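Asks:
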Amino acid sequence: MIRELVIVSGKGGTGKTSVTASFAALAENGVLCDADVDAADLHLLMAPVVRERNAFMGGSIAAIRQDDCVECGRCLELCKFNAISEDFVIDPLSCEGCGVCVDLCPETAIDFTVQQCGEWYKSDTRFGPMVHARLGIAEENSGKLVSLVRQETRKLAEAKGCGIILTDGPPGIGCPVIASIGGATALVIIVEPTVSGLHDMQRVAELAAHFKVPGLVCVNKYDLNSDMTREIEEYAAKRNMQLVGRIPFDPVFTEAMIQGKSVLEQAPESEAAIALLDTWRKIMSSPSMNTMGIKDFSAVIQ
Amino acid sequence: MIISIASGKGGTGKTTVATNLALSLNGDVNLLDCDVEEPNAHLFIKPTMDKVEPVTTFIPVIDSEKCNLCRKCTDICRFSALAVAGKTVLVFPEMCHSCEGCIEVCPEGAISASTRELGVLESGHSGNLGFYLGRMRVGEAMSPPLIKKVRTKERERDITIIDAPPGTSCPVIAAMKGTDFVLMVTEPTPFGLHDLKLAVEAVKVLGIPSGLVINRADMGNSGVKDYAAEENIPVLMEIPFDRKIAEAYSRGIPIVEAFPDYADKFRALYAKIEKYSSVEKES
Numbered sequence: 021m022i023r024e025l026v027i028v029s030g031k032g033g034t035g036k037t038s039v040t041a042s043f044a045a046l047a048e049n050g051v052l053c054d055a056d057v058d059a060a061d062l063h064l065l066m067a068p069v070v071r072e073r074n075a076f077m078g079g080s081i082a083a084i085r086q087d088d089c090v091e092c093g094r095c096l097e098l099c100k101f102n103a104i105s106e107d108f109v110i111d112p113l114s115c116e117g118c119g120v121c122v123d124l125c126p127e128t129a130i131d132f133t134v135q136q137c138g139e140w141y142k143s144d145t146r147f148g149p150m151v152h153a154r155l156g157i158a159e160e161n162s163g164k165l166v167s168l169v170r171q172e173t174r175k176l177a178e179a180k181g182c183g184i185i186l187t188d189g190p191p192g193i194g195c196p197v198i199a200s201i202g203g204a205t206a207l208v209i210i211v212e213p214t215v216s217g218l219h220d221m222q223r224v225a226e227l228a229a230h231f232k233v234p235g236l237v238c239v240n241k242y243d244l245n246s247d248m249t250r251e252i253e254e255y256a257a258k259r260n261m262q263l264v265g266r267i268p269f270d271p272v273f274t275e276a277m278i279q280g281k282s283v284l285e286q287a288p289e290s291e292a293a294i295a296l297l298d299t300w301r302k303i304m305s306s307p308s309m310n311t312m313g314i315k316d317f318s319a320v321i322q
Numbered sequence: 002m003i004i005s006i007a008s009g010k011g012g013t014g015k016t017t018v019a020t021n022l023a024l025s026l027n028g029d030v031n032l033l034d035c036d037v038e039e040p041n042a043h044l045f046i047k048p049t050m051d052k053v054e055p056v057t058t059f060i061p062v063i064d065s066e067k068c069n070l071c072r073k074c075t076d077i078c079r080f081s082a083l084a085v086a087g088k089t090v091l092v093f094p095e096m097c098h099s100c101e102g103c104i105e106v107c108p109e110g111a112i113s114a115s116t117r118e119l120g121v122l123e124s125g126h127s128g129n130l131g132f133y134l135g136r137m138r139v140g141e142a143m144s145p146p147l148i149k150k151v152r153t154k155e156r157e158r159d160i161t162i163i164d165a166p167p168g169t170s171c172p173v174i175a176a177m178k179g180t181d182f183v184l185m186v187t188e189p190t191p192f193g194l195h196d197l198k199l200a201v202e203a204v205k206v207l208g209i210p211s212g213l214v215i216n217r218a219d220m221g222n223s224g225v226k227d228y229a230a231e232e233n234i235p236v237l238m239e240i241p242f243d244r245k246i247a248e249a250y251s252r253g254i255p256i257v258e259a260f261p262d263y264a265d266k267f268r269a270l271y272a273k274i275e276k277y278s279s280v281e282k283e284s
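Line by line, the protein sequences are chains A and B. Counting from 21, one number per residue, gives the positions in the first sequence under the working numbering. Counting from 2, one number per residue, gives the positions in the second sequence under the working numbering.
1) Bridge partners of LYS52 (chain B), per DSSP?
2) For the ligand GDP, I want to know if ASP298 (chain A) counts as a neighbour, meaning its beta carbon is within less than 7 Å of at least one of the ligand's heavy atoms.
3) Let's see if you can read the secondary structure: which residues bound the beta strand (DSSP E) around GLU24 (chain A)?
4) Going along chain B in order, which residues have a C-beta closer than 8 Å to the C-beta of LYS31 (chain A)?
5) Output needed for MET77 (chain A): all residues of its chain with C-beta closer than 8 Å, excluding positions within five of it in sequence on either side, in chain order.
6) Can you tell me whether GLN171 (chain A) is buried or exposed, with buried defined as 16 or more other CB within 10 angstroms of its CB?
7) Taking the straight line between their C-alpha atoms, what separation do you get for ASP164 (chain B) and MET21 (chain A)?
8) Would you identify the three-state DSSP class for ASP219 (chain B), choosing helix, strand or coil?
9) With distances taken from CA atoms, which of B:CYS97, B:ILE104 and B:CYS68 is nearest VAL90 (chain B)?
10) Measuring only between beta-carbons, confirm whether ASN245 (chain A) sits less than 8 Å from chain B.
11) Evaluate contact between the segment 176 to 195 of chain B and the segment 210 to 218 of chain B, counting only Cβ atoms and requiring at least three cross-stretch pairs below 8 Å.
12) Using three-state DSSP, classify ASP270 (chain A) as helix, strand or coil.
13) Check the Cβ-Cβ distances between LYS315 (chain A) and every residue of chain B, and say whether any is below 8 Å.
14) Listed from N- to C-terminal order along the chain, which residues in the segment 111 to 124 of chain A have their beta-carbon within a distance smaller than 7 Å of any beta-carbon of chain B?
15) Report the three-state DSSP secondary structure of HIS98 (chain B) (helix, strand or coil).
16) Grouping DSSP H, G and I as helix and E and B as strand, with all else coil, what is PHE192 (chain B)?
17) Tell me the residue span of the alpha helix (DSSP H) that contains GLN286 (chain A).
18) Leaving out five residues on either side along the sequence, give the residues of the same chain with a beta carbon under 7 Å from the beta carbon of CYS195 (chain A).
19) Less than 8 Å between C-beta atoms, sequence neighbours within five positions excluded: which residues of the same chain meet that for ASN102 (chain A)?
20) Step through the CB atoms of chain B and report whether any lies within less than 8 Å of the CB of MET248 (chain A).
21) Tell me whether GLU254 (chain A) is buried or exposed, calling it buried when 16 or more other Cβ atoms sit within 10 Å of its Cβ.
22) Determine whether the beta carbon atoms of LEU33 (chain B) and LEU130 (chain B) lie at a separation below 8 Å.
23) May I have the straight-line CA-CA distance separating ASN49 (chain A) from GLY181 (chain A), to the nearest angstrom?
24) Which residues, taken in chain order from the segment 144 to 159 of chain A, show a beta carbon closer than 7 Å to some beta carbon of chain B?
25) For LEU147 (chain B), which residues in the same chain have their Cβ closer than 7 Å to its Cβ, ignoring the five residues on either side in sequence?
26) For the pair the segment 65 to 84 of chain A and the segment 141 to 156 of chain A, tell me if three or more CB-CB distances fall below 8 Å.
27) For the segment 41 to 109 of chain A, list the beta strand (DSSP E) runs that are entirely contained and at least 3 residues long, ordered along the chain.
28) What's the call for ALA114 (chain B), buried or exposed, on a 16-neighbour Cβ count within 10 Å?
29) Among the residues of its own chain, which have a CB less than 6 Å from the CB of LYS315 (chain A), if the five just before and after it don't count?
30) Would you list the one or two residues that DSSP bridges to PHE59 (chain B)?
31) In whole angstroms, what is the alpha-carbon distance linking PRO255 (chain B) and ILE157 (chain A)?
32) Which class does VAL286 (chain B) belong to by DSSP, given the choice of helix, strand or coil?
33) Tell me where the alpha helix (DSSP H) around THR145 (chain A) begins and ends.
34) Could you tell me whether any Cβ in chain A is nearer than 8 Å to the Cβ of ALA247 (chain B)?
35) Considering ARG136 (chain B), what are the terminal residues of the beta strand (DSSP E) in which it resides?
36) Beta-carbon within less than 7 Å of SER42 (chain A)'s beta-carbon, same chain only, minus the 5 sequence neighbours each way: which residues are those?
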């Protein structure tokens with residue numbers, strides 16, 4: 021059975037990608053997945069060699085053929101997204117792709133072409149295969165692309181007989197995050213000990229509970245505020261989320277990023293690297309990662 | 002003047018810049034937290050909240066007495082929010098994008114409007130500062146309609162500052178579109194640079210004047226500055242890494258409260274924003 025570990029945080033910039041890269045260096049026979057398709061960064065540390073490049077076709081966008089339009093105003097009446105101007109031009113940035121104007125235009129003067137919204141890739145890295153993507157700027161459908169990237173990662177893991185998928189998740193709790201966590205074996209929530217970090221982690225923990233995925237908690241830069249670290253750990257305990265690591269604040273994270281390496285490669289003897297190794301071991305031996313489907317969900321998360 | 006604060010990469014300091022800028026400006030300022038998935042500005046402003054109102058969106062309800070299973074509604078729905086199963090039409094509220102096409106096409110008048118809660122809009126103030134935040138319901142996927150609702154609070158006063166979500170896709174566009182200036186906040190690291198480039202592309206699509214704040218300016222390399230120079234993006238402010246600032250931040254204390262000297266720096270930042278937004282308007 022393939023296990024999938026998804027690294028999330030709620031708040032951005034807490035260290036998801038750096039931690040994922042270090043886990044990639046430690047995982048045996050793993051596949052990497054970058055599910056942060058909106059601002060993907062994992063490739064900057066993994067230097068993937070792209071083996072296969074695919075177009076991502078998202079939704080359709082409506083466009084009025086000016087020659088056929090008789091300016092009856094029906095589309096203006098129908099559009100709930102204020103995407104159509106008084107002179108009957110559709111703003112592609114406002115168009116939701118619902119197609120209502122397309123279907124109901126009395127002159128059938130509106131085209132509805134499927135848009136390429138991005139690209140996704142199958143690649144090789146020094147730590148094994150990787151599936152990643154790039155969503156076009158200002159595009160919708162990020163959740164759809166995340167689902168696609170995760171499905172393709174799973175297929176690749178099955179084909180290559182890999183036992184574990186490491187997925188670098190997006191920030192927030194909205195559509196791409198929901199698409200990132202459904203059906204995952206467990207989440208690792210990377211939290212920084214700040215009021216924002218705690219607040220955002222609580223929301224992502226609620227989301228995990230909502231979708232019934234067990235959450236593990238790792239505090240990054242824990243020594244920045246030890247009171248806040250304690251508060252985070254108490255909150256995790258209250259929700260039955262296992263604490264799997266405390267990683268110290270260490271400029272080696274930035275140094276590794278500049279070298280395009282994981283912390284484990286850049287400074288294997290550093291305190292941060294040792295803490296990451298310890299975190300990885302705790303994750304891999306945690307009950308959440310070692311049940312063939314959680315039998316008692318409430319024992320893992322409430 | 003409506004300023005949106007964006008970044009591409011998360012955790013670079015958008016909220017820090019938005020809150021400190023808002024606190025430094027004397028006069029009528031509205032601060033809108035449009036990072037509705039993870040709103041944080043209130044943790045630093047600590048406003049008195051006056052009002053919480055639910056924000057909802059349309060979803061259809063099917064009257065099975067009137068429905069004759071003609072499937073016109075399922076045909077027009079591009080979002081798989083409606084499906085015929087046996088002798089009923091099922092509604093999947095979380096898939097619905099509220100286009101109301103189903104109501105429009107139902108020949109039997111069997112569909113009526115109901116609502117799904119997107120989240121709440123909270124209004125408050127801190128002294129002169131007007132404060133609004135959107136808080137998306139946990140489990141809700143779509144943030145742009147809630148962001149648009151929060152943005153109905155702009156323009157009531159002279160200066161509006163919008164704290165945008167990270168990324169470059171639809172929620173960010175919803176927060177930046179139609180603003181007068183985009184202030185991008187980044188850190189001088191490879192991740193910061195990579196995601197800044199994406200944010201710059203998004204700003205170009207919208208055609209809004211922009212400038213840059215470099216946070217933790219002394220941690221990393223020169224990539225961000227070199228790129229800003231190449232692209233002619235003005236660097237309007239640099240905030241050095243200071244463990245004391247980071248510790249104050251961790252406790253929810255704004256920089257201008259911990260280090261009052263910074264208020265002048267944020268006022269200078271605003272003066273530069275005014276200058277660059279008007280220069281670009283003229284050209």
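Beta carbons are placed, not taken as given, at the ideal position from N, Cα and C, and that holds for glycine. Predicted model only: the values in this text are computed from it and were never measured.
Replies: Quick look at the numbers:
1) Its beta-bridge partners are B:SER124.
2) With respect to the ligand GDP, the structure shown offers nothing to examine, as it has no ligands at all.
3) 23 to 28
4) GLY11, GLY12, GLU39 and ASN41
5) VAL134, GLN135, GLN136 and CYS137
6) exposed
7) One C-alpha to the other measures close to 43 Å.
8) coil
9) B:CYS68
10) yes
11) Cβ pair count under 8 Å is three or more, so yes.
12) coil
13) Since pLDDT at LYS315 (chain A) reaches only 49, below the 50 mark, its modelled position is unreliable, and the value read off the structure follows with that caveat. No, LYS315 (chain A) lies away from the interface with chain B (no Cβ there is under 8 Å from its Cβ).
14) LEU113, GLU116, GLY117, CYS118, GLY119, VAL120, ASP123 and LEU124
15) coil
16) In the structure shown, PHE192 (chain B) adopts helical secondary structure according to DSSP, grouped into three states.
17) Looking at the DSSP string, the run of the alpha helix (DSSP H) that includes GLN286 (chain A) is 283 to 286.
18) SER162 and GLY163
19) SER114
20) yes
21) exposed
22) When the beta-carbon positions are compared, LEU33 (chain B) and LEU130 (chain B) stay at least 8 Å from each other.
23) 8 Å
24) LEU155, ILE157, ALA158 and GLU159
25) VAL37, VAL56, LEU119, GLY120, GLY135 and MET137
26) Under the 8 Å Cβ criterion, the segment 65 to 84 of chain A counts as touching the segment 141 to 156 of chain A, having at least three qualifying pairs.
27) 50 to 54 and 69 to 84
28) exposed
29) At LYS315 (chain A) the pLDDT is 49, less than 50, meaning the model places this residue with poor confidence; the figure from the coordinates comes in the next sentence. Around LYS315 (chain A): no qualifying Cβ.
30) B:THR116
31) 32 Å
32) Beyond the ends of chain B as shown, which are 2 and 284, falls residue 286 (chain B); an answer cannot be given.
33) From DSSP, THR145 (chain A) is part of no alpha helix (DSSP H) but of the beta strand (DSSP E) over 130 to 145.
34) By this cut-off, ALA247 (chain B) is an interface position.
35) 130 to 137
36) SER282, VAL283, LEU284 and LEU296
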